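Take a look at the structure set out below.
Residue numbers (our numbering): 602 to 1259.
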């Protein structure tokens, strides 16, 4: 097979001449050195021995096709990856130029082989530098942008340009489907419901998916309706689960190499971090805004309760005077009912401000929902279908049973109102082990019982959703709601040590989750029972109240009940009275007393002077659970409630004296 082709040595590239059987007929010194063979060793070898074993069978078929219609042809450019293999097995990238060669022995085929390792490394370095510059640019935009949507909207176009691909799209998971949020070159109209659902299921697994050639993988054609090309789907991490994905498509197979995937992954990581940061900032701003509103409403409730105490107290005293005048008694009773509704309103404000008095205990969710279901089925109407899902063996929840019941009723009625033509309401209960940390919450319970109320109603716009739990905010017509339902539920959950989460989309209904701590034991919290009202027997009561009118009403109540009254406006005056008057039998003080000591501090100081002195506190504002030392009477209180509370305290002292 020797040929007189001495001219091969004059060419600087590696040259190999192949006969019609695919064997090497001649090779120059440069080819022998490039592939690691001794002089003369290449002669007679199959040309496929110069390439990796995995490519030999495919090359054999290509060689036969080329020999059947040989022509001058370059190979290895335009992104094609060709690999040669040295005698020791080492592989390296090459470019090849093929051409037919007429010789005295007949037609042969000349291959000019060039090692492009250094060239390829230089190209890769340039590509990586360009990709790194893009990642830096995206990061800078993320830092400088005040709106995450600006970065999200512009990223697909940047990726299409940098990668030289046909399409890029950013999608977000929404329940079991996908929302297309931003795209460049993507056919949104062809992305039908089936494609969205199947792609959402793939993304939810949290793994990067690459399709090398659409002709052999239907996953590609499902998302990008084309019978050729390649694609990549990179999930966007939301902490414990994906929140969406960055998807890319190219018209050529095997377009997404290591560097391209690295760029997509880096971009996805930056985007996910940006969205998480924006979410945290929004949560913090929302929490701060609600806290400010809570402080305001709590203060309003305090002042309003003092006004109600004066109004209700005056009406009750008038009621005693007009017992023989039915028409006057009816007017007073109507006014008292209005005062009672005002007290309910302040109670809801205090619930939102997280300053209501709770009596948490271990509550069985199945029992609670059985009782609630019976009531709701009668209330919701025939057009609303109620579904209750609660495992019988679920752990108890540690919460105020009456407030939890009221919260679920409130959410159910809201859901009904959002479905004017009827629909489905689902109340479900599950146990969870964790919750995404909030900026202002460091001590998280290790177990939660989650009550979820879902409806198929109208849903909310993003603007409405952002204000949903603010007091007095409502989208209902006049007379159809106070705007305090959701705010009361929010305040109850937060005060219970849990988390409130609401998700809604216009046209797709609303989902509300109440995350409440699981009970550690079955023992419930105790409470004070009110006995029947009893009149006093001339005991002296020290009244401490900084509001003149409220103090006057309390004094009149006490005198009408048969007590003697000493009334003062602050803690300093109260302590002076206690030092001078040993006949004072009980201290009755407001918790909030303006400048100086508050009611609790006064109670402690009074006990230092008189250890056995009974103390009864009252408040229209503070979250003051029973501490085992001082009973608390909520404003506005009725005369008989004050009588019963004083009777319990004085009776307790008498029992202690025996």
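All C-beta atoms in this analysis are idealised placements derived from N, C-alpha and C, irrespective of residue type, glycine included.
Remember, it's a predicted structure, so these values are computed and weren't measured experimentally.
query: Pairwise C-alpha distance: residue 1242 and residue 913; result: 13 Å
query: Beta-carbon proximity check, residue 1145 vs residue 1169, cutoff 8 Å; result: yes
query: Nearest neighbour of residue 1105, chosen from 1060, 1065 and 1137 [CA to CA]; result: 1060
query: Extent of the continuous alpha helix (DSSP H) run through residue 659; result: 654–669
query: Local conformation of residue 1065 per DSSP, three classes; result: helix
query: Nearest residue (CA-CA) to residue 801, options 631, 862, 625 and 846; result: 846
query: Backbone CA spacing between residue 975 and residue 839 [nearest angstrom]; result: 39 Å
query: Other residues of its chain near residue 688: CB distance less than 7 Å, five sequence neighbours each side excluded; result: 636, 637 and 638
query: Alpha-carbon spacing of residue 714 relative to residue 772, whole angstroms; result: 45 Å
query: Bridge-paired residues (DSSP) for residue 999; result: 963
query: Among 1108, 983 and 969, the one whose alpha carbon lies nearest that of residue 1005; result: 969
query: For residue 779, the first and last residue of its enclosing alpha helix (DSSP H); result: Where residue 779 is concerned, there is no enclosing alpha helix (DSSP H), although the beta strand (DSSP E) it sits in stretches over 778–785.
query: Run of the beta strand (DSSP E) containing residue 1053, from where it starts to where it stops; result: 1049–1056
query: Beta-bridge pairing of residue 772 - partner residues as DSSP gives them; result: 781 and 846
query: Cβ shell of residue 614 (< 6 Å), same chain only, five flanking positions each side left out; result: 713 and 715
query: Residue 1175 vs residue 1203 beta-carbon contact at 8 Å; result: yes
query: Alpha helix (DSSP H) segment containing residue 803, residue limits; result: 794–805
query: C-alpha gap between residue 1058 and residue 1240, whole angstroms; result: 46 Å
query: Cα-Cα separation between residue 628 and residue 697, rounded to whole angstroms; result: 14 Å
query: Terminal residues of the alpha helix (DSSP H) in which residue 1157 lies; result: 1149–1161
query: Within 8 Å, strictly: CB atoms of residue 1118 and residue 1046; result: yes
query: For residue 1112, the first and last residue of its enclosing beta strand (DSSP E); result: 1111–1118
query: Opening and closing residue of the alpha helix (DSSP H) in which residue 633 lies; result: 630–636
query: Coil, strand or helix - residue 1093 by DSSP; result: helix
query: Close Cβ partners of residue 1032 (< 8 Å) along its chain, the five nearest in sequence each way excluded; result: 995, 996, 1048, 1049, 1050, 1051 and 1119
query: Alpha carbon of residue 999 to alpha carbon of residue 1187, nearest angstrom; result: 35 Å
query: For residue 1100, the three-state DSSP class (helix, strand or coil); result: strand
query: Assigned secondary structure, residue 1188 (DSSP; H/G/I helix, E/B strand, else coil); result: strand
query: Residue environment, residue 1123, which counts as buried when at least 16 other CB atoms sit within 10 Å; result: Any reading at residue 1123 must be qualified, since the residue scores a pLDDT of 42, below 50, and its modelled position is unreliable; no value is offered.
query: Own chain partners of residue 1097 with C-beta closer than 6 Å, once the 5 adjacent residues on each side are dropped; result: 1000 and 1117
query: Neighbourhood of residue 929 by C-beta distance below 6 Å, restricted to the same chain and skipping five residues each side; result: 923
query: Whole-angstrom C-beta distance between residue 864 and residue 833, which should lie under 8 Å; result: About 10 Å separates the two Cβ atoms, so there is no contact after all.
query: Same chain, Cβ closer than 8 Å to residue 1101, five either side skipped, listed in chain order; result: 1070, 1090, 1091, 1094, 1095, 1113, 1114, 1115 and 1116
query: Residue 673 classed as buried or exposed, judged by whether at least 16 other C-beta atoms fall within 10 angstroms; result: exposed
query: Candidates 982, 1155 and 1149, of which the one nearest residue 1143 by Cα; result: 1155
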